[in-house]
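Here is the structure we will look at, set down as structure tokens.
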Amino acid sequence: MAYRIRGLDPRLFNHLFQLDDTALARRGILRRRVAACGTSPCRVSLQDAQPGEEVLLLAFAHHTEETSPYRASGPIFVRRAAEEAYDAVDEVPPILPARLISLRAYDAAGMIVDAGVVPGVEIESHIYRFLARPDIAHVDAHFAARGCFACRIERS
């Protein structure tokens, strides 16, 4: 069984980079220049933004099933330079291996049916284990330390 991981569509965010800081602030969005490596993982490219890069920090609804009590949103970073969404089969994106990852496995109704916290370097075996179960529709990866959404993992 294969799995697929995709970053968020950059078209959701491109227009925001054209706004000034006041207009962004009215929407609860912050523009930042990255100060250090490993502090601003982009949810489009699924790469860490590099020092000096421009990013936006904004709230994003990542689990939107209306009838699920697990409906959720949270902060994400998006790099201005991210022109294409990460999209790969059976490949772990660069932002995951160096971090502790919380995996949340959901059924088709958006209910959590299993979960775990794993070192990012061990994520692939857990992805295969979760997606082997027929009751699991997809898995969401979160950065365990801060709880922020990282990416969605689906069967390919």
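Numbering of the sequence shown is given in UniProt numbering, commencing with residue 1 and proceeding in unit increments. Built from N, CA and C at the ideal position, the CB exists for glycine as well.
Check your understanding: Buried or exposed: where does Ser73 fall if 16 or more other Cβ atoms within 10 Å of its Cβ makes it buried?
Key -> exposed
Point to revise | Leu96 versus Tyr106 - alpha carbon distance | key: 20 Å
Exercise for review: Identify, in the order they occur along the chain, each residue of the same chain with its Cβ nearer than 6 Å to the Cβ of Phe143, setting aside the five sequence neighbours on each side.
Suggested key: Arg99 and Ala150
**Study point:** Between the CA atoms of Cys148 and Ser156 - distance to the nearest angstrom
**Key:** 24 Å
Review point. In the structure shown, what three-state DSSP assignment does Ile136 receive?
Key: coil
Point to revise | Nearest to Ala108 (by Cα), restricted to the options Ile76, Tyr70 and Asp90 | key: Tyr70
**Study point:** Option in Tyr3, His126, Asp90 and Val55 with minimal Cα separation from Asp21
**Key:** Val55
Check your understanding: Can you check whether the CB of Glu84 is closer than 9 Å to the CB of Val44?
Key -> yes
**Study point:** Beta-carbon proximity list for Ala81, same chain, < 7 Å, skipping 5 on both sides
**Key:** Glu53
Check your understanding: Considering only C-alpha positions, which residue in the set Leu30, Ile136, Ala49 and Arg33 is nearest to residue 196?
Key -> Residue 196 lies beyond the stretch modelled for the chain, which goes from 1 to 156, so this question has no answer here.
Exercise for review: Taking the CB atoms as reference points, tell me whether Pro94 and Leu46 lie closer together than 9 Å.
Suggested key: yes
Exercise for review: Along the beta strand (DSSP E) that carries Phe149, what are the first and last residues, could you check?
Suggested key: Phe149 to Arg155
Review point. Quick one: what's got a C-beta closer than 6 Å to Asp9's C-beta in the same chain, skipping five residues either side?
Key: Ala85
Point to revise | Start-to-end residues for the alpha helix (DSSP H) that takes in Leu131 | key: Ile123 to Leu131
Exercise for review: Decide if Tyr128 is buried, meaning its Cβ has at least 16 other Cβ atoms within 10 Å, or exposed.
Suggested key: exposed
Check your understanding: Can you tell me whether Ser125 is buried or exposed, with buried defined as 16 or more other CB within 10 angstroms of its CB?
Key -> exposed
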